[in-house]
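Contents: one structure, followed by commentary.
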Amino acid sequence: MAQPPNQRQKGKQTNQTPALVDSLKNSSEILAALENHKYVADEELATVLFLMLRLRKPLLLEGPPGVGKTEIALVLSDLLQTPLIRLQCYEGLDVNAAVYEWNYQKQLLGIKLQEGSELSVAEKEKHIFGPDYLLKRPLLQSITHETQSPVLLIDELDRSDEEFEAFLLELLSAFQISIPEIGTIRATHKPYIILTSNRTRELSDALKRRCLYHWIDYPSLDKEMAIVYKRLPDIETQLLTQVVEFVQDVRGRKLAKTPGISETIDWAESLMALGYREVNQKAIRQTLGSLLKSVDDIRLINTETL
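Here our numbering runs 70 ahead of the position in the sequence shown, where the first position is 1.
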């Protein structure tokens, strides 16, 4: 039989950090770096990102959809010039999709090739349940990256179930994963882990204790204008102001799906593509589907606004 997990350790864990991380001395430098990568953040977010990089702790970002949680991981990967490994969570997500599974076809071939060999049953089993027969999924990929620490994005964790959430605890606390047939695999280079949640359900206290935490809310009017302008520098001031003011007003209504920043940018871009220089009734009627993604919400705004 394969050796028990506690008898074997794979990988030598290192805390090595890229030179780019060491060069970021404080949260102000993080803020400036994010700005250079077209991400408008505040001091609180920059501070928690600085702590995540320095303390090498996972970061849990919660907030409504469309406020830029996922984008942080994408920007961080670009900023640190390191690979992004993404796990998109969903209901029913299991170990086979998230961590690893065995290459059964290759194992069957391996068994066939071993027929008639002098190897013992235990030796044959050890061989076909070895690393060469393992298909690495995102979580395992993140801790076995050979050259540098990647950014691991565990996106929309609240969509998965509590059983999968519990499975993550070992990775979040010790940067390791236990595989029954092989043993415990420790991170070669600790990944920078970012988890996001839209808070459709409450995550466990056990998971939160292992993470730094930050809540990202809908932005203020001034901040949202800065975000849209950063993404669409050719937008005229009048259109920019009217777009953001309209969206801020719409968010105050009782909607099925409140538009996030990404929808604001999409709507502004649609108006620009159609040549509009201001928000008027015709512009709203033509492009509301770029902002709102529910027919009931569109009807509500058409009734109350137009």
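Note that beta-carbon positions come from the ideal geometry of N, C-alpha and C, so glycine has one too.
N- and C-terminal bounds of the alpha helix (DSSP H) containing residue i
i	result
residue 293	291-301
residue 272	Premise fails: residue 272 is in no alpha helix (DSSP H) and is neither H nor E.
residue 144	139-150
residue 235	232-244
residue 369	365-375
residue 169	Note, residue 169: premise wrong, no alpha helix (DSSP H); not H, not E.
Residue i - DSSP class collapsed to helix/strand/coil
i	result
residue 336	helix
residue 305	coil
residue 328	coil
residue 322	coil
residue 252	coil
residue 110	coil
residue 225	strand
residue 158	strand
residue 312	helix
residue 286	coil
residue 265	strand
residue 99	helix
residue 348	coil
CB-CB length for residue i against residue j, believed under 8 Å
i	j	result
residue 334	residue 306	Not confirmed; about 16 Å, so no contact.
residue 205	residue 173	5 Å
residue 91	residue 150	7 Å
residue 242	residue 263	7 Å
residue 249	residue 170	6 Å
residue 255	residue 213	7 Å
residue 360	residue 337	4 Å
residue 154	residue 221	5 Å
residue 148	residue 107	6 Å
residue 139	residue 286	6 Å
residue 340	residue 357	5 Å
residue 219	residue 259	4 Å
residue 317	residue 371	The Cβ separation is near 11 Å, so there is no contact.
Member of the options whose CA lies at the smallest distance from the CA of residue i
i	options	result
residue 234	181, 121 and 165	165
residue 280	236, 339 and 289	236
residue 268	120, 130, 113 and 150	130
residue 313	183, 116 and 291	291
residue 311	198, 331 and 299	299
residue 367	326, 332 and 375	326
residue 167	209, 202, 152 and 148	209
residue 330	288, 308, 344 and 241	288
residue 94	140, 108 and 116	116
residue 315	261, 324, 350 and 344	350
residue 125	356, 198, 96 and 301	96
residue 133	343, 303, 119 and 266	266
residue 278	238, 142 and 304	238
residue 271	232, 189 and 303	232
residue 211	114, 105 and 261	261
residue 389	355, 217, 202 and 135	For residue 389 there is no data in the structure shown, the boundaries of the chain being 71 and 376.
heavy atom of the ligand NAP below 7 Å from residue i C-beta
i	result
residue 334	Among the components modelled here there is no ligand, and therefore nothing to report on the ligand NAP.
Extent of the continuous beta strand (DSSP E) run through residue i
i	result
residue 206	204-206
residue 131	129-132
residue 185	Neither: residue 185 is in no beta strand (DSSP E) and is coded neither H nor E.
residue 216	From DSSP, residue 216 is part of no beta strand (DSSP E); its letter is neither H nor E.
Decide yes or no for the touch test of the region 144-161 against the region 221-231: beta carbon pairs closer than 8 Å, at least 3 of them.
The region 144-161 vs the region 221-231: in contact.
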